[in-house]
Amino acid sequence: ALQWLFAMLATSAEIILGPDSLMKPPGEPPWIRDTKYRHFTPAMVHLSTEAGLSTEYRLFSASKARYTDQAPAADHATAPEETHAEETQAEAAGGAGHRRLAKANGTDAAFEELLKLMPLIGDLVERAGAGAERYTAPGDNIASLPAPPQPNFMAPGAKVKQVSWPSLFEPRHLVCGGPELEGRAPVVLALTARGVGASVHIGQDEEDVRAQPFSLDGLGAFGRIAGAGWTSNGLQLVTAAGDLLECPGRGASANGVWPCRKSENAPLPVLVGTELVAAAVVEANDASTEPLVAIVLKHAPQYVSLYRASGGTWHPAGEVHVPLGFGPRPSLTLAGQELTIVFASGEVHRRHLRSGVSTLHPPPVGVVAREFRAACSLPTGEVLRLALKQAGSAWGPELITAA
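414 is the number that our numbering gives the last residue of the sequence shown; the numbers go up by one with no jumps.
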C-alpha cells in the first residue's frame, strides 16, 4: 500500500510540475531530448543545430585539441578574434595541414615529430639486426646483415686479471690511466653509472691485485654517468643529460672520496629530454686543453656524434657509423685520436679519427656467459675489457685481456 501511495504522489508531482523536473535521471544518454527545453519550440522533434536551443543543449560537441607548445594564455586573451582569424587563414592556405604546423615554424615542428619517432625506428633497426622475422614484398632485395665475426680456433685465448673487487660492485665504465700517471704501473678506473668506483694498478708481474674503492662526490644533482675520460685536469665525466663534470686530481683522497664539480665547459648541444646512452671525453690532440667528446643518443644508437669545444661553445667534429647487429647499447672510450666502440658480445672496434683506419678485435676465445661492459687501451697497446660474470645469484666484474 505504501508503494502505491508513493507512486501516486510522484505522478501527481510530475503532472503539476509539467516540463520542469526536480532532478535529471543519472546516466541519461546524450541523444535523449531533455524535456526541460520543450517550451523553446512547439515541434515534437528538436535538432541539435537549431539556433533557438540553449547553448547548454547539444547532442555532440567536438573536443578542442590542446598542445604544450601553444602560445601563452595572455596572448589569446588579448586578441581572440585575431587568433581565430589567423587560424582560419592558415587552414584556408594549407588545406588539410595540421593547425600545429600552421602556428609554429613548420620545419621545427616536423623535426620535433620526427624526433618522437626515432625510438621506434631504432627499435625496428635493433630487431632487424638481431635476426628477427622480417616481412618483405615480392621483388624486394634486402641484403642480410653481417653476422658478428667469430674468432678462429687459433685466436689467442682470454686472460682474466686476478683482482679482488668490492662486494656488490657492477661497474659500467672503464677508464685507463691518463698522462699524469705515466711512468707508473698502468692504472684503470672502473665506474658505475651512479659514481661508485674502484681503481686498479695492473703491474706486469702482479698476479693478484686489490681494487681500491672510492666514491665520486657531487653527482647527485646531475643524474647518471654516460661516459668518462682522463684529461690534464683529472677525471672528466659526461652525464646522460649532456652535462660535463670534472673531478680534479689523480685520484680519491685517503677517505675514499673524490670531489667533483660542474665543468666550465657548456653542456653538450642536445635537445632537452634527450638521453645519452654512451659517451667518452678526451683532450684535443693539440696545444689547447679543450676537450673532444663522443656521444651516442638513445633515439639514434646507430651513430657516434663527435663534438669539439672551441671558444666556450661546441661544434660538430664528425660522425662515425656504429656497426649493426651487435646490440643496442655500445660503450665508448677515447684515447688521443682513437675511438673505441665496445659491444656486449665482447667485440671491439677501434677507429682512428684522422686516418680513418679501423681495427677489429673479435671476442676472446673461451669467454662465455659474460656481459661485456667497456674496454680501453693500455699503454702497451693491449685491449683491456671489462665484463660481468654471474657467480650464483650475484654478478661480479672481471678484467680480461688476450693471452
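Cβ coordinates follow ideal geometry from the N, Cα and C atoms, glycine included.
The structure presented is a predicted model; accordingly, all values stated were derived computationally and were not measured.
Alpha-carbon spacing of residue i relative to residue j, whole angstroms
i: H184; j: E358; result: 16 Å
i: S404; j: A289; result: 27 Å
i: L125; j: V307; result: 18 Å
i: V268; j: A209; result: 11 Å
i: E301; j: L202; result: 23 Å
i: R384; j: G323; result: 32 Å
i: T335; j: L279; result: Looking at the sequence itself, residue 335 is Leu, so the reference to Thr does not match. Going from the Cα of L335 to the Cα of L279 covers about 26 Å.
i: C187; j: S356; result: 21 Å
i: A263; j: C271; result: 10 Å
i: K127; j: H326; result: 24 Å
i: F233; j: L395; result: 29 Å
i: N276; j: V376; result: 42 Å
i: V283; j: P182; result: 27 Å
i: W406; j: A121; result: 44 Å
i: V171; j: I411; result: 5 Å
i: S226; j: E393; result: 27 Å
i: R381; j: Q401; result: 7 Å
i: P374; j: H332; result: 20 Å
i: R340; j: T285; result: 15 Å
i: G206; j: D228; result: 8 Å
i: G347; j: N266; result: 32 Å
i: V281; j: D219; result: 43 Å
i: A413; j: F354; result: 16 Å
i: Q313; j: L135; result: 12 Å
i: I213; j: E123; result: 48 Å
i: L20; j: L13; result: 11 Å
i: A169; j: F337; result: 20 Å
Exposure label - residue i; buried when at least 16 CB within 10 Å
i: L248; result: buried
i: V368; result: exposed
i: R221; result: exposed
i: G106; result: Summary for G106: the model assigns pLDDT 44, below 50, so the residue's position carries little reliability; its value from the coordinates is reported in the next sentence. Label assigned to G106: exposed.
i: D119; result: exposed
i: S23; result: exposed
i: L397; result: buried
i: G240; result: buried
i: W176; result: buried
i: F17; result: exposed
i: I26; result: exposed
i: I132; result: exposed
i: L399; result: buried
i: A158; result: Legend: pLDDT at A158 = 49, less than 50; position of this residue unreliable, no value from coordinates given.
i: G231; result: exposed
i: L255; result: buried
i: E409; result: buried
i: G253; result: buried
i: V174; result: buried
Nearest-angstrom Cβ-Cβ length linking residue i and residue j, presumed shorter than 8 Å
i: V315; j: I352; result: 7 Å
i: P197; j: P390; result: 6 Å
i: L350; j: A305; result: 6 Å
i: V211; j: C387; result: That pair is no contact at about 12 Å.
i: A311; j: Y318; result: Not really, about 14 Å apart at Cβ, beyond 8 Å.
i: P259; j: G245; result: 4 Å
i: A291; j: L345; result: 4 Å
i: A251; j: R235; result: 4 Å
Opposing strand residues paired with residue i [DSSP bridges]
i: S321; result: T324
i: A458; result: Any answer about residue 458 is impossible in this case: the structure gives the chain only from 12 up to 414.
i: E382; result: L399
i: A346; result: E349
i: W269; result: L227
i: E294; result: P302
i: T242; result: G245
i: W406; result: Q401
i: D219; result: Q173
Pair within 7 Å by beta-carbon distance, residue i and residue j
i: L343; j: H360; result: no
i: S274; j: E257; result: yes
i: L416; j: A237; result: Past the edges of the chain, shown from 12 to 414, lies residue 416, and the structure says nothing about it.
Neighbour flag for residue i against chain B, beta carbons, 7 Å
i: I306; result: Of the chains in the structure shown, none is chain B; there is only one protein chain.
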